[in-house]
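Protein chains in written order, with full-length UniProt numbering: chain A, 1 to 640; chain B, 1 to 248.
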Amino acid sequence: MDGYRVGDPIADTKAPAGPLENRWDERKFAAKLVNPANRRRHRVIVVGTGLAGGSAGATLAEQGYHVVQFCFQDSPRRAHSVAAQGGINAAKNYRNDGDSVYRLFHDTVKGGDFRARESNVYRLAQVSAQIIDQAVAQGVPFAREYGGLLDTRSFGGVQVQRTFYARGQTGQQLLIGAYQALSRQIDAGTVELHARTEMLDLIVADGRARGIVARDLVTGEITTHLADAVVLATGGYGNVFYLSTNAKGSNATAIWRAHKRGAYFANPCFTQIHPTCIPRSGEHQSKLTLMSESLRNDGRIWVPKRSGDTRSSGEIPEDERDYYLERLYPSFGNLVPRDIASRAAKNVCDAGFGVGPGGLGVYLDFADAIARLGRPAVEARYGNLFDMYQRITAEDPYAVPMRIYPAIHYTMGGLWVDYDLQSTIPGLFVIGEANFSDHGANRLGASALMQGLADGYFVLPATVNDYLGSTRLGDVPDADIRQVETEVRERISRLLAVRGTRSADSFHRELGLLMWDHCGMSRTREGLRKALDRVPELRAEFWRDVRVPGGGAEFNQELEKANRVADFLELAELMLLDALAREESCGGHFREEHQTAEGEALRDDENFAFVAAWEYGAEPVLHRENLVFEHVHPTQRSYT
Amino acid sequence: MKLTVRVWRQAGPAAEGRLVAYPVDGISPDMSFLEMLDVLNQRLIEAGDEPVAFDHDCREGICGSCGVVINGQAHGPERTTACQLHLRSFADGDVIDVEPWRAKGFPVVKDLVVDRSALDRIVQAGGYVSAPTGSAPDAHATPVPKPDADLAFDNATCIGCGACVAACPNGSATLFTAAKVTHLSLLPQGAPERASRVLDMVDAMDAEGFGGCTNTGECVASCPKGIPFTSIATLNREYLAATRSGRR
Chain A
1 MDGYRVGDPI ADTKAPAGPL ENRWDERKFA AKLVNPANRR RHRVIVVGTG
51 LAGGSAGATL AEQGYHVVQF CFQDSPRRAH SVAAQGGINA AKNYRNDGDS
101 VYRLFHDTVK GGDFRARESN VYRLAQVSAQ IIDQAVAQGV PFAREYGGLL
151 DTRSFGGVQV QRTFYARGQT GQQLLIGAYQ ALSRQIDAGT VELHARTEML
201 DLIVADGRAR GIVARDLVTG EITTHLADAV VLATGGYGNV FYLSTNAKGS
251 NATAIWRAHK RGAYFANPCF TQIHPTCIPR SGEHQSKLTL MSESLRNDGR
301 IWVPKRSGDT RSSGEIPEDE RDYYLERLYP SFGNLVPRDI ASRAAKNVCD
351 AGFGVGPGGL GVYLDFADAI ARLGRPAVEA RYGNLFDMYQ RITAEDPYAV
401 PMRIYPAIHY TMGGLWVDYD LQSTIPGLFV IGEANFSDHG ANRLGASALM
451 QGLADGYFVL PATVNDYLGS TRLGDVPDAD IRQVETEVRE RISRLLAVRG
501 TRSADSFHRE LGLLMWDHCG MSRTREGLRK ALDRVPELRA EFWRDVRVPG
551 GGAEFNQELE KANRVADFLE LAELMLLDAL AREESCGGHF REEHQTAEGE
601 ALRDDENFAF VAAWEYGAEP VLHRENLVFE HVHPTQRSYT
Chain B
1 MKLTVRVWRQ AGPAAEGRLV AYPVDGISPD MSFLEMLDVL NQRLIEAGDE
51 PVAFDHDCRE GICGSCGVVI NGQAHGPERT TACQLHLRSF ADGDVIDVEP
101 WRAKGFPVVK DLVVDRSALD RIVQAGGYVS APTGSAPDAH ATPVPKPDAD
151 LAFDNATCIG CGACVAACPN GSATLFTAAK VTHLSLLPQG APERASRVLD
201 MVDAMDAEGF GGCTNTGECV ASCPKGIPFT SIATLNREYL AATRSGRR
């Protein structure tokens, strides 16, 4: 009794064969074009306005398509990409430190613990340099050196300086760039924007994605929007854990409903835990705040050598400190990849060496950097992060070390897409964090912004062209539209009708804790089974006892929450199932049964070098996409 | 600690609004202001009442979603966003008034939520560089002096929260517009649009019903991102130069 069955493997990912460096050019050349005069007759729906959605909407509109764009925030500029701090990678080799497209590709495949597709990752590295050019042309104020040229820094998991940044607000600046490009198209009338509108379901007709059903969050009106193609750029689902670094509104609804309409969900259990988060301060906590990983460039991570040492950091002399990352991983030191740094922090805390309330924290210390560089230089590099830390914790990080602890950050899983970023439903494209494609089992720092923008500016516009140029679409039957609309309305009514005793948040918190305990930084067969028993019970309790005040035809934030929590309660089960089925450790997925004698993650390439693509059903069906590594040969990842 | 919050309740744009007092106890000084509202809302829901509607999302002070007037000050007594304001800024037993942004340009949606889409329309009027995808030269082709890039960045950090409008006695959006104009006018990219940008953005700002600027400076005092007053001078200079340029 596994709770799932195995279906046919996925045979074709549409990546051209032949030399890696030619594949994207070949695909683009083979792609059908749409005559510029005909483009305005095509409508494309883009859901989400973050780095992926905003850049895609702007680019498609520039090409001449009529874009219908949605975001649940009050403005496209507020998409959660805005919160990304650290930077964006690009193989520019401006530093002459040996960087190249091939090296960026190599680092990313290795960093992803050999669970990403080579062709996709190579393409990502290829277009990375163009992304920087594009952003600079838009007026994104990247950090510059005195000569007027762009500055770069390094990030976890790499040994070159290829990360471009705008102080600690790179995501914000890149998003504003994309938002402004989108704004230009809105003014030109080529993008029709629906803000404060949430996608609640996908309309599939004749096997193709043809539209969405959405709810206007101000009036509660349920509306239908039809198009020739639908693009989901709705971000990740890390909020299934309740406490995460995601914005409160980040949710899984759009991709989960698309999954239920036939899109496969790939690698749902691959969740990235970020090592440099501010530890939680109490039960009231509503979300976790990330400190940029770039801090690990100059900060040194340590814990006291003696367990249960309650002295303040300043009272612990140098020789009684354990700089455990530098000790365990001498060549990468504090810059090991995120999964390695996170697990190492958990291990030292579990062993009783943790600092701060509850012993769930390690020190990130800038004393050496301040002594070496001077406070002004440290301020220039990280000032806003230091201010943020001080604001939240009321401690001065220039005077005492920061305390950090790992937290849920980014989901590498998402809807399965082929090389064209098309899901298993033709006409449904999925980009950015919402898809699964480029990061493997772990995401290196500064690569999410790169993927979002690569997909939106450069990849998707070419492949949507091909789809529209090669597909003949008929009218969408009214019956198909009405059926989806009816289901959406019924679900809303059902949520409002429960009139139970518990808030949506209380269920969400309980689910989140369960997932963190059993499907978080480390997983065991026993824990996953336990959670698999509990989640369906919790889901039943939710539908029996949730209390949603107010009505459906109004601005109702509790209804929004409840609707999303209902989806998290379903998605959680698939995550657990996926984690249970993957009998190996890799990247963010650490199964305690599978580790080396040194306690490192132990992959099983023989049996698990595949993408797990799940088909929805009463009993989920697992389709495997086998991963082939022709260029970067899988080895035990070593950062020592 | 224990607080009494008097919250502006308004069912919809056309409905009458009023302050309603709620005692909130058992809360910690480490909580953010919005987490305190979360606690209040949980209790309201459990008691069968309607929770308070308020905008929020990232809770890291960067998305610009949140924004309420606390004791008469936009985002409250400290220079930060409401989500990054902590209860340690208040004293046990305090009575705190919480109201939505008040400005003609920001109609109330419900309770503490207002419609700030007018700010988006100001950007749509010209707050961008026309740089179609794929046509960009190499990023190093155009060096930008570091002081210019830094000042452009300082202005680009505007989060569009609208505190400047809420704090202004005239309900003016000048600081918001000035930040965008200053950011872009400092860079060589987009220079050909420089004159039309400022003229169009100022027109849009006026058309949205925002008030005029009288150099009061409340906007700067309330800006959580520290957009400088000098940006307004830059906007005025850019505007004057543009009107003389004959470009429209």
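For each residue, glycine too, the CB sits at the ideal point set by N, CA and C.
Predicted model only: the values in this text are computed from it and were never measured.
Keeping to the same chain, check which residues put their C-beta closer than 7 Å to that of residue i; ignore five residues upstream and five downstream.
i                      : result
residue 519 of chain A : 269, 528, 531, 575, 576, 579
residue 134 of chain A : 457
residue 71 of chain A  : 48, 49, 79, 195
residue 1 of chain A   : Low per-residue confidence applies at residue 1 of chain A: pLDDT is 46, beneath 50, and the placement is therefore not dependable, though the value from the model is reported in the following sentence. Closer than 7 Å at the Cβ level, and outside the excluded window around residue 1 of chain A, lies no residue.
residue 37 of chain B  : 52, 54
residue 68 of chain B  : 54, 82, 98, 99, 100, 112
residue 177 of chain B : 122, 201, 202, 205, 235
Could you give the distance in angstroms between the alpha-carbon of residue i and the alpha-carbon of residue j?
i                      : j                      : result
residue 32 of chain B  : residue 42 of chain B  : 15 Å
residue 484 of chain A : residue 191 of chain A : 25 Å
residue 543 of chain A : residue 562 of chain A : 10 Å
residue 429 of chain A : residue 347 of chain A : 40 Å
residue 585 of chain A : residue 604 of chain A : 8 Å
residue 598 of chain A : residue 175 of chain A : 42 Å
residue 477 of chain A : residue 206 of chain A : 9 Å
residue 452 of chain A : residue 217 of chain A : 26 Å
residue 180 of chain B : residue 127 of chain B : 6 Å
Show which residues of chain A have a CB atom less than 8 Å away from the CB atom of residue i.
i                      : result
residue 201 of chain B : Per Cβ cutoff of 8 Å: no residues; residue 201 of chain B is ~11 Å from chain A at best.
residue 105 of chain B : Near residue 105 of chain B there are no residues of chain A at all, since even the closest Cβ is about 14 Å away, more than 8 Å.
residue 250 of chain B : Residue 250 of chain B lies beyond the stretch modelled for chain B, which goes from 1 to 248, so this question has no answer here.
Just to make sure I have the definition right: I need the residues of chain A whose C-beta is within less than 7 Å of the C-beta of residue i. Which are they?
i                      : result
residue 153 of chain B : 141, 166, 167
residue 149 of chain B : 141, 144
residue 190 of chain B : 139
residue 28 of chain B  : 282, 284
residue 39 of chain B  : 284
residue 124 of chain B : 183, 186, 187
Which residues share a DSSP beta bridge with residue i?
i                      : result
residue 402 of chain A : A:364
residue 110 of chain B : B:113
residue 199 of chain A : A:214
residue 348 of chain A : None; residue 348 of chain A has no bridge partner.
residue 32 of chain B  : B:86
residue 414 of chain A : A:266
residue 277 of chain A : A:290, A:405
residue 586 of chain A : A:589
residue 231 of chain A : A:46, A:429
residue 151 of chain A : Bridge partners of residue 151 of chain A: none, in fact.
residue 19 of chain B  : B:8
residue 88 of chain A  : A:164
Which residues in chain E have a C-beta closer than 9 Å to the C-beta of residue i? List them in chain order.
i                      : result
residue 195 of chain A : The structure shown has no chain E; the protein chains it does contain are A and B.
Counting only Cβ pairs nearer than 9 Å, list the residues of chain A close to residue i.
i                      : result
residue 227 of chain B : Within 9 Å Cβ-Cβ: nothing; residue 227 of chain B doesn't reach chain A, min ~14 Å.
In chain B, what lies closer than 7 Å to residue i by C-beta?
i                      : result
residue 287 of chain A : 59
residue 457 of chain A : 133
residue 62 of chain A  : 132, 133
Leaving aside the five residues before and after residue i along the sequence, list all residues of the same chain whose C-beta is less than 6 Å from its C-beta, in chain order.
i                      : result
residue 168 of chain A : 85, 292, 384, 385
residue 427 of chain A : 208, 209, 229
residue 409 of chain A : 245, 272, 274
residue 188 of chain B : 142
Using 8 Å as the cut-off, classify the Cβ of residue i as near or not near the heavy atoms of the ligand NAD, replying yes or no.
i                      : result
residue 411 of chain A : What this structure holds is no ligand at all, so the ligand NAD is not there to describe.
Going along the chain, which residues of its own chain have a beta-carbon closer than 8 Å to the beta-carbon of residue i, five neighbours each way excluded?
i                      : result
residue 375 of chain A : 398
residue 624 of chain A : 6, 9, 10, 610, 611, 612, 613
Anything in chain B within Cβ reach of residue i, meaning under 9 Å, just list it in chain order.
i                     : result
residue 80 of chain A : 57, 58, 63
Q: Check whether the region 84 to 102 of chain A touches the region 440 to 460 of chain A, counting contact only when three or more Cβ pairs, one atom from each stretch, lie closer than 8 Å.
A: Yes, since at least three Cβ pairs between the region 84 to 102 of chain A and the region 440 to 460 of chain A fall closer than 8 Å, the two stretches touch.
Q) Given 8 Å as the limit, is there contact between the region 111 to 119 of chain B and the region 20 to 36 of chain B, that is, 3 or more CB pairs closer than that? A) When C-beta atoms of the region 111 to 119 of chain B are compared with those of the region 20 to 36 of chain B, fewer than three pairs fall below 8 Å, so the two segments do not count as touching.
Q: Tell me, please, whether the region 68 to 79 of chain A touches the region 486 to 496 of chain A by the rule of three or more beta-carbon pairs shorter than 8 Å.
A: Contact between the region 68 to 79 of chain A and the region 486 to 496 of chain A is absent, because fewer than three Cβ pairs lie under 8 Å.
Q.
Does the contact criterion of 3 or more C-beta pairs under 8 Å hold for the region 380 to 391 of chain A versus the region 205 to 215 of chain A?
A. No, the region 380 to 391 of chain A is not in contact with the region 205 to 215 of chain A.
Q. Does the count of Cβ pairs from the region 274 to 292 of chain A and the region 243 to 259 of chain A closer than 8 Å reach three?
A. The region 274 to 292 of chain A makes contact with the region 243 to 259 of chain A: 3 or more CB pairs, one atom from each, lie closer than 8 Å.
**Q.** Sufficient close CB pairs (3 or more, under 8 Å) joining the region 258 to 274 of chain A to the region 582 to 594 of chain A
**A.** The region 258 to 274 of chain A is in contact with the region 582 to 594 of chain A.
(Q) Would you call the region 172 to 192 of chain A in contact with the region 108 to 126 of chain A, where contact means no fewer than 3 C-beta pairs closer than 8 Å? (A) Between the region 172 to 192 of chain A and the region 108 to 126 of chain A, the count of Cβ pairs shorter than 8 Å is below three; the stretches do not touch.
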